[in-house]
Every structure is written in C-alpha cells, then in structure tokens.
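Asker: First residue of the sequence shown? That's 1 in UniProt numbering, and the numbers climb one at a time after it.
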Amino acid sequence: MSAPALRDAAFRDEVLIGICTFRRPELAATLASLAGLEPCGLPVSVAIADNDRTPSAKDRVDSLAAAHPLPVTYLHAPEANISVARNALLDHARATGSRLLVYLDDDETVEPAWLARLVAAWRAGQQATPRAGAVLGPVRAHYRAGAPGWMDQARAHDTLPVFGRDGAITGGYTCNTLIDLSDPAARGLRFDPARGRSGGEDSAFFADFLGAGGHIAFAEDAVVHETVPEDRARLAWLLRRRYRMGQTHASLIARDRSRAGRLGAAGLAAAKALACGGLALLGVARPAWRNRQIMRAALHVGAAARLGGARQIEIYGTAPGRSDSALRPGPGGS
C-alpha cells in the first residue's frame, strides 16, 4: 500500500534487523541468537517494535540491550495492529538511512551465518537480471515431544517461498526477509493498517512490491528456526491458518476483478477444494499426505468464502502472544 511516509535519509549500506513483538517471552531467545551472528560485511543494528497498547516489553528490551553486542533500539507502536508495528520499523529504517531492512519474528532464533547468507544472496541478486530488491529465507519448524509425527513429515509449519512456473517467486512474507529500501519497487511502500488485525499485510505489501516491478531472491541456506507451541501442533489450528491464508489470497486477487470475475474465481476455488478432498480420501492411510491435502482444501475453501463475500477473520490484538506466523505460507500451500 503506497502512502506518505517519513522522508528517506540518504541510504547507507547498513542492516537494520526489525522485530515486531507482542507480549512474547521468546523475544529474549531471539535476541540471544542475534548476539552470536557472524560478520556480514556491513554495520548491523536491531530495532524492536512493541505492538502492545502499553510499553510492556520496554524494560525487558532495555535490559537485554544493555548487554547486547549490537545496538538495540526500542520502539513503541501501541495499536495492537501488526501493520502499525511493521510500519514503525520501516519508518525507523528510512529515517536512519539503513538500506537493508531485515524482518524477523519474535519467536524465532537464527544460525550464526544467517545474516551473512541473506546479505550474500542480496549481493548476488544485485548482479542478476532482473535485479532482486528483496530476499526470502526459509523458516524451519521444530516440534515438542507429543506432537503428531505426520506434522514433521509434512513440514506442516515450515515457511518457504511460492514459485511460479517461470521459477520466479510470486509472493513474500516477513518472518525471514531482507528488503532493499533503495529499490525502486520498495520506495513509498507501506503495510496496510486495514489488514493489521486480519493478517495478510505482508502478502499485500509484497504483491504491491512485485506489481511495481520488484523481484525477490531466495537464500535457501539462510535458515531461521522456531519451536511450535503445543496449541499450534494441532490439525484444527493448521486448518484455521490455511483458511485465513485463502481469505488473504482471495482479497488480493479480488482487487482487480469485477463481481462476475470474483464469483468465477470463487467457483474455481471451490472446485479445487473438492479435488483436494478427493486426493485426501485416496491417501487416507498416509497421514502426512492426507492432511496436506486437507490443508490445501481449507485454503481453497477460505478463498472461495472470501470471494463469495465472507468476512475476513481478525487475528491480531485479540489474544496475548498472537503472532503473524499464523498467516505464513507453508510448503505446497498455494
């Protein structure tokens, strides 16, 4: 979404790692992992955008910052709206002249070479044709004891890019992402506050980035890790997540379609849902395969429902600890 923003400072080749947080104790582990980063060849700093209505993370961030090897800045973005927090980080990066903004979630930990690999992929992308103005890395989910075995087999909570038939990445996310703010396609882009409670603000941001001529690279080796909480290690949670993802996708494709076009797309999504249901029945004895198909069906049901006029579900600002990861794309989810 394009909107007036703070005037950009002259960009310097520096990295700002931006983390949105909302009452998450795991933030301490995230910052601890950043303390072990290997050099990436550029100056690095960290900013934390607290999305709680009160500055609940300030004392904890200030305490952790005092002993951290990287400069850590606390920002209060008090709207319980994830787009407000993301935009606070955008504004901070632009105002301070940091060319590279790297988004990371507050429940993730990084490998020592993570940032160096992201930056290396960005440098390679600058030499490519077309030039890449953003880089995505994968998120690897880990399960606690007692989680269903099929989830690990299906990589049900992992986050990976979606590639088109031409090999180009067709969308983006903000749980392991580098954005070159000097790229023409990124200039003036903002996260839409109207999507800040329903989710999908990152999908809309990157849809606009790609629509403006931007290109995205993939750093396959720039892995971050997350541990899946018990309440998310359930098929019901995954189905709800995929349903919301389908709603988000539908809201994006509906922007440029007539009512007849939206209804046609809804019919196609419903047909895909039925096909996925049939595939699930064929794989009834293979839990990972079966449940992957059921999740795909839920995604298409969400798309059909949204195109048919169903209301978008709100997920932010309603429960402590709620994270944007509920809307991350997973493997094979499109």
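C-beta atoms are modelled at their ideal positions from N, C-alpha and C, and glycine is treated no differently. Here the structure is a predicted model, which is why all the values come from computation and not from measurement.
1) Identify every run of the alpha helix (DSSP H) within the UniProt domain "Glycosyltransferase 2-like" (18 to 126), keeping only runs that are complete inside it and at least 4 residues long; order them along the chain.
2) For residue 173, which of helix, strand or coil comes out of DSSP?
3) Provide the residue span of the beta strand (DSSP E) that contains residue 189, from first to last.
4) In whole angstroms, what is the alpha-carbon distance linking residue 136 and residue 113?
5) Given a cut-off of 8 Å on the beta-carbon distance, is the pair residue 143 and residue 28 in contact?
6) Since I believe residue 35 is in contact with residue 48 (beta carbons under 8 Å), could you give me their beta-carbon distance rounded to a whole number of angstroms?
7) State buried or exposed for residue 224, treating a residue as buried only when at least 16 other CB atoms are found within 10 Å of its CB.
8) Please confirm whether residue 100 and residue 15 have their CB atoms less than 8 Å apart.
9) Across the region 242 to 261 and the region 149 to 156, are there enough close Cβ pairs to call them in contact, namely three or more that are closer than 8 Å?
10) In chain order, what residues of the same chain lie with their CB nearer than 6 Å to the CB of residue 289, ignoring the 5 residues before and after it?
11) Which word fits residue 230, buried or exposed, when buried means at least 16 other C-beta atoms lie within 10 angstroms of its C-beta?
12) Note down, in chain order, each residue of its chain lying with its Cβ closer than 6 Å to the Cβ of residue 308, except the 5 sequence neighbours on either side.
13) Quick one: what's got a C-beta closer than 8 Å to residue 321's C-beta in the same chain, skipping five residues either side?
14) Can you give me the C-alpha to C-alpha distance between residue 72 and residue 45, rounded to a whole angstrom?
15) With a 10 Å radius around its C-beta and 16 neighbouring C-beta atoms as the bar for buried, classify residue 222 as buried or exposed.
16) Can you list, in chain order, the residues of its chain whose CB lies under 6 Å from that of residue 43, leaving out five sequence neighbours each side?
17) How do the region 160 to 167 and the region 87 to 97 stand: do at least 3 beta-carbon pairs fall below 8 Å, yes or no?
Answerer: Put simply:
1) Within the UniProt domain "Glycosyltransferase 2-like" (18 to 126), the runs of alpha helix (DSSP H) at least 4 residues long that lie entirely inside it are, in chain order, 27 to 34, 58 to 66 and 82 to 96.
2) Coil at residue 173, not helix or strand.
3) Looking at the DSSP string, residue 189 is not in any beta strand (DSSP E), and its letter there is neither H nor E.
4) Between the alpha carbons of residue 136 and residue 113 lies a distance of about 15 Å.
5) Contact: no.
6) Not confirmed; about 14 Å, so no contact.
7) Classification for residue 224: buried.
8) A contact, by the Cβ cut-off of 8 Å.
9) Counting C-beta pairs with one atom in each stretch, the region 242 to 261 and the region 149 to 156 have fewer than three that are closer than 8 Å, which means they do not touch.
10) Result list for residue 289: 283, in chain order.
11) Burial call: exposed.
12) Once the five neighbours on either side are set aside, the close Cβ partners of residue 308 are 266.
13) For residue 321, the predicted model reports a pLDDT of 38, less than 50, meaning its position is unreliable and no value from the coordinates is stated.
14) The C-alpha of residue 72 lies about 6 Å from the C-alpha of residue 45.
15) Residue environment analysis places residue 222 among the buried positions, since at least 16 neighbouring C-beta atoms fall within 10 angstroms of its C-beta.
16) Only 14 meet the Cβ criterion.
17) No, the region 160 to 167 is not in contact with the region 87 to 97.
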